[in-house]
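Engineer: Heads up, the sequence shown is in the numbering used here, so the first residue is 1430 and it goes up one at a time.
We put the CB at the ideal spot given by N, CA and C, even for glycine.
These numbers come from a predicted model, not from an experiment.
This is the structure I have questions about; it appears just below.
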Amino acid sequence: MRRIALGLTATALTFAGCAKEAVKEEPKVTTPAPAPAAPPPAPKPTFDRLSRLDFNVRAQERFLPFFWRSDDGNKALEPAELAVLWGPQNAQRSTFVDEKGAFTQPFLDAYESMVKAADDKAQSADEQKRLGLVRLELSQGRPTLVETDLTKGTDEDRAIIKHVFAAANAIERIHGKQLGTDTMEAKDAASKTLIHRNQGPFCVAPKTEKDEACTAIAPKPKQLSGLYPAAVQADAKFCDKLAKEKNAKDLMGHFSAVVADGAGFKAVPYSEFYKADMESVATSLEAAAAAITSPGEAAFQKYLRAAATSFRTNDWEPANEAWVAMGPTNSKWYLRIAPDEVYYEPCAWKAGFAVSFARINMDSLAWQQKLEPVKADMEKALAALAGPPYKARDVKFKLPDFIDIVLNAGDARPAHGATIGQSLPNWGKVAEKGGRTVAMTNLYTDLDSQKSLESQMASLFCASLMTKATTDAKPAVMSVVLHEAAHNLGPSHEYKVKGKEDDEVFGGPLASTMEELKAQTAALYFSQWLVTKNVITQAEADAAAVRDVAWGFGHISRGMYTADNKPRNYSHLASIQMGTLTKAGVLVFKADEKAANGTDVGCFDIDFAKWKPAVDTLAKRVLMAKGKGDRKDAEAMVTEFVDGKDDWAKRRELITERWLRAPKATFVYAVK
Ligand SMILES: [Zn+2]
């Protein structure tokens, strides 16, 4: 219900890569030597026979828990460059790399099997077709590593991770049961990966989702939820039918499954329906709590114990209370393990079991602390831009907790991409008090995502602008902190002009667009402002400016409206910002110049001398519109920069085409 997009919205980076970098069809294969008369000494195997990208794609296709993180430059895989992934294989690093840091025989065997190209010739024509589709499905999600470095961690850290991962495995089983896919097993490796990645045998990627022959299991099973009796699901409108039963309120409860009961139905609480697995989660959480001996983690320990109890009682409120009591000041960990969102199931009633496990991001914490003493000045600056009737308030920062994901599991682990901002819980007293909001800061900061972002930028930026572009996470983190901080500043949602809040003044969707436009424009404004306060350098501000343009392009590429014609707030704001900067001659399109990648013709440049005055003017326009409740001007911005059919609309098409060239990210997880 409240899976939300936040400021950084790495969604900007969700689609990545350029055609040039697409995975090659065939790997480098060494020519087999002719059979010798006498066996020579075994040649030392080499690990340069697959490129890094091929290795990672092959590992995915072969259901092997490997990821080649990065290469030191010699184009050969070394044991220290190998990440062993969390997953259904339950793999241990020690199986593949010994204590001396050398590859073991099982790894050598696996590598040899990976070097050989897939051979389906022995299969029937139907099966060959199916396997081809399964690989096409997989290829549309590029394995993307989320790795947590525990090399400097404590024994306590490692114990916590071990037990939380065990709990996550049980959550995966429960969620598989909710989805009705828990007993589905594939015969071949690629199909096994598909079932794990998609949490079921069904294809979900754009090129394959509508192909009836794309399935991990042949013949393709029926898609039936595990939360309702199979028989009732034969009726396409079974949710309506259940909603009319006399015990409908029970049947529609968030924390139960529905079973047949004579002529009718009854609700069975999760704690009974999934008893064994729920007990297994509880036991693992208690083990994690018991592993905590440092006094600084008392709040986390309390949550682990409260959550364990909730998994036994099905009463989630005590766990929620312990959960909101946690924060960056009393724990370095973030964990949410609970049934939360309902989108995944056909009636959208039943909360799906999910795990988001993370560490607090210290960089963003440092930024928050830096801004705390100047927040009154920041408020004054925005009040001055807004002008009367808005008056500077006594402001408080209520910022999301910035977290670096360690593991997503269950309903929090989609086939492609990941949630990058979330506000929970959805129901109950804690929700009514505002709950807790988080922003995920480490997703899309891995090497492959950086390379993708780099090639996206290089396809749109001119060579001179590209020299100022960086894929470093720092400017993006600053931008998201400024964006989130700005939601607390200036005329916000609760601000009343002529007695009306923003929903009433602007209308719901436009009010959201204006609030997001305010926050993101303030982020551009404040990064320049911080230069005048000697908090950051001009070069850092320029790097942030370039990154914010890339952020804007990413959101523009998602399209202005959803399939059912709802405005996408972030896309709208990005188009208003970038359209305004184009009109002001800051963002300059050079139609005949080649982009930095040397192939695309037509590219964008920034006139940095004009950047600050143009951003100041835009900030004034947006703040005034919000402060005075000027709906006319808000609509004028949308009309001109979002719905216009001019050159800017054509530019947006070009941005979209180049930005969306690469496969989406499929996140995989490892602990170093
Ligand atoms: Zn926002």
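(1) Looking only at its own chain, which residues have a Cβ that is under 8 Å from the Cβ of residue 1671, when we skip the five neighbours before and after it?
(2) How far does the alpha helix (DSSP H) with residue 1511 in it reach, from first residue to last?
(3) As an exercise, report each continuous alpha helix (DSSP H) stretch of at least 4 residues that is fully enclosed by the region 1840-1927, in chain order.
(4) By the DSSP assignment, the beta strand (DSSP E) with residue 1938 in it spans what residues?
(5) Note the first and the last residue of the continuous alpha helix (DSSP H) segment covering residue 1999.
(6) So does the region 1911-1928 actually touch the region 1938-1952, counting three or more Cβ pairs closer than 8 Å?
(7) Taking DSSP as the reference, what is the three-state secondary structure of residue 1454?
(8) To which residues does DSSP link residue 2095 through a beta bridge?
(9) Cα separation between residue 1940 and residue 2059?
(10) In terms of residue numbering, what span does the beta strand (DSSP E) encompassing residue 1693 cover?
(11) Considering only the beta carbon of each residue, do residue 1603 and residue 1706 sit closer than 7 Å?
(12) Mapping the DSSP letters down to three states, classify residue 2019 as helix, strand or coil.
(13) Residues in its own chain within less than 8 Å of residue 2041 by CB, not counting five upstream and five downstream?
(14) Verify the CB distance criterion: does residue 2071 have a CB-CB separation below 7 Å to chain C?
(15) May I ask you to report which of helix, strand or coil DSSP gives residue 1443?
(16) Could you please give the first and the last residue of the uninterrupted beta strand (DSSP E) stretch that includes residue 2032?
(17) Can you tell me which of 1478, 1577, 1497 and 1575 puts its alpha carbon nearest to the alpha carbon of residue 1542?
(18) Going by CA-CA distance only, name the one from 1643, 1921 and 1975 that's closest to residue 1883.
(19) What does a CB cutoff of less than 6 Å around residue 1643 pick up in its chain, not counting 5 residues either side in sequence?
(20) Looking only at its chain, what residues have a beta carbon closer than 7 Å to the beta carbon of residue 1804, apart from the 5 residues adjacent to it on each side?
(21) Starting from the C-beta of residue 1995, find all residues in its chain whose C-beta is less than 8 Å away, skip the five residues before and the five after it, and write them out in chain order.
(22) Quick check on the burial criterion: 16 or more other C-beta atoms within 10 angstroms. Buried or exposed for residue 1436?
(23) Along the chain, where does the beta strand (DSSP E) containing residue 1689 start, and where does it finish?
(24) Taking only the alpha-carbon atoms, compute the straight-line gap between residue 2071 and residue 1970 and give it to the nearest angstrom.
(25) Could you check what DSSP says for residue 1833 in three-state terms: helix, strand or coil?
(26) Contact check, residue 1497 vs residue 1594 under 8 Å by CB: the rounded distance?
(27) Which residue's Cα is closest to the Cα of residue 1892: 2018, 2013, 1601 and 1820?
(28) By DSSP, does residue 1978 sit in helix, in strand, or in coil?
(29) Excluding the 5 residues flanking residue 1459 on each side, which residues of the same chain have their C-beta closer than 7 Å to its C-beta?
(30) Please return the same chain residues whose Cβ sits closer than 7 Å to the Cβ of residue 1743, not counting the five positions on each side in sequence.
(31) Provide the residue(s) that pair with residue 1767 in DSSP beta bridges, ordered along the chain.
(32) Tell me residue 1496's beta-bridge partners as DSSP assigns them.
(33) Skipping 5 residues on each side, what residues in its chain have a beta carbon closer than 6 Å to that of residue 1659?
(34) Quick one: residues in its chain with C-beta nearer than 8 Å to the C-beta of residue 1966, no 5 flanking neighbours on either side, listed in chain order?
(35) Ligand 1 and residue 1638: does any heavy atom of the ligand fall closer than 6 Å to the residue's C-beta?
(36) Taking residue 1828 as the reference, give the member of 1836, 1864, 1733 and 1806 with the closest Cα.
Structural biologist: The answer reads as follows:
(1) Answer for residue 1671: 1657, 1661, 1677, 1680, 1681, 1687, 1694 and 1776, listed in chain order.
(2) Counting along the chain, residue 1511 falls outside any alpha helix (DSSP H), though it belongs to the beta strand (DSSP E) covering 1511-1513.
(3) The region 1840-1927 contains these whole alpha helix (DSSP H) runs: 1858-1861, 1876-1889, 1892-1895 and 1902-1915.
(4) Annotation: residue 1938 is outside any beta strand (DSSP E); the continuous alpha helix (DSSP H) that includes it extends over 1937-1961.
(5) 1998-2012 is the extent of the alpha helix (DSSP H) around residue 1999.
(6) Three or more Cβ pairs drawn from the region 1911-1928 and the region 1938-1952 lie within less than 8 Å of each other, which places the two stretches in contact.
(7) Any reading at residue 1454 needs caution, since the residue's pLDDT is 37, under 50, leaving its predicted position unreliable; the model's value is listed next. If DSSP states are grouped into helix, strand and coil, residue 1454 belongs with coil.
(8) DSSP lists 1572 as partners of residue 2095.
(9) Cα to Cα, the separation comes out at about 11 Å.
(10) Residue range 1693-1698 is occupied by the beta strand (DSSP E) that includes residue 1693.
(11) Taking 7 Å as the Cβ cut-off, residue 1603 and residue 1706 qualify as a contacting pair.
(12) Collapsing the DSSP output to three states places residue 2019 in a strand.
(13) Non-local beta-carbon contacts of residue 2041 in its own chain, meaning distances under 8 Å to residues more than five positions away in sequence, involve 1957 in chain order.
(14) Chain labels in this structure do not include chain C; a single protein chain is all it has.
(15) Only weak support exists for where residue 1443 lies, its pLDDT of 29 falling under 50; the value from the coordinates is given anyway. Coil at residue 1443, not helix or strand.
(16) 2030-2035 is the extent of the beta strand (DSSP E) around residue 2032.
(17) Ranking the options by Cα distance to residue 1542, first place goes to 1478.
(18) Of the residues 1643, 1921 and 1975, the one whose Cα lies closest to the Cα of residue 1883 is 1975.
(19) So the qualifying residues of the chain are 1562, 1566, 1632 and 1637.
(20) Sequence-distant Cβ neighbours of residue 1804 in its own chain, meaning closer than 7 Å and more than five residues away, are 1824 and 1826.
(21) Within the same chain, 1938 come within 8 Å of residue 1995 by CB-CB distance, once the 5 residues on both sides are set aside.
(22) In this predicted model, residue 1436 has a pLDDT of only 37, less than 50, meaning its place in the structure is not dependable; the value taken from the coordinates is given anyway. By the Cβ-count criterion, residue 1436 is buried, with 16 or more other Cβ atoms from all chains shown falling within 10 Å of its own Cβ.
(23) Its beta strand (DSSP E) spans residues 1685-1690.
(24) CA-CA distance, residue 2071 to residue 1970, rounds to 27 Å.
(25) Looking at residue 1833 - three-state DSSP - the assignment turns out to be strand.
(26) Not a contact, Cβ separation roughly 22 Å.
(27) Nearest C-alpha to residue 1892: 2018.
(28) In the three-state reduction of the DSSP assignment, residue 1978 falls in the helix class, which pools H, G and I.
(29) For residue 1459, the pLDDT reaches just 47, beneath the cut-off of 50, and the residue's location in the model is therefore unreliable, leaving the point undetermined.
(30) Once the five neighbours on either side are set aside, the close Cβ partners of residue 1743 are 1684, 1698, 1699 and 1700.
(31) In the DSSP assignment, residue 1767 forms a beta bridge with 1783.
(32) DSSP output for residue 1496 lists 1512 as bridge partner(s).
(33) Closer than 6 Å at Cβ, skipping near neighbours: 1653.
(34) These residues qualify, in order along the chain: 1960.
(35) Because no heavy atom of ligand 1 lies under 6 Å away, the Cβ of residue 1638 does not count as near it: no.
(36) Looking from the CA of residue 1828, the closest CA among 1836, 1864, 1733 and 1806 belongs to 1864.
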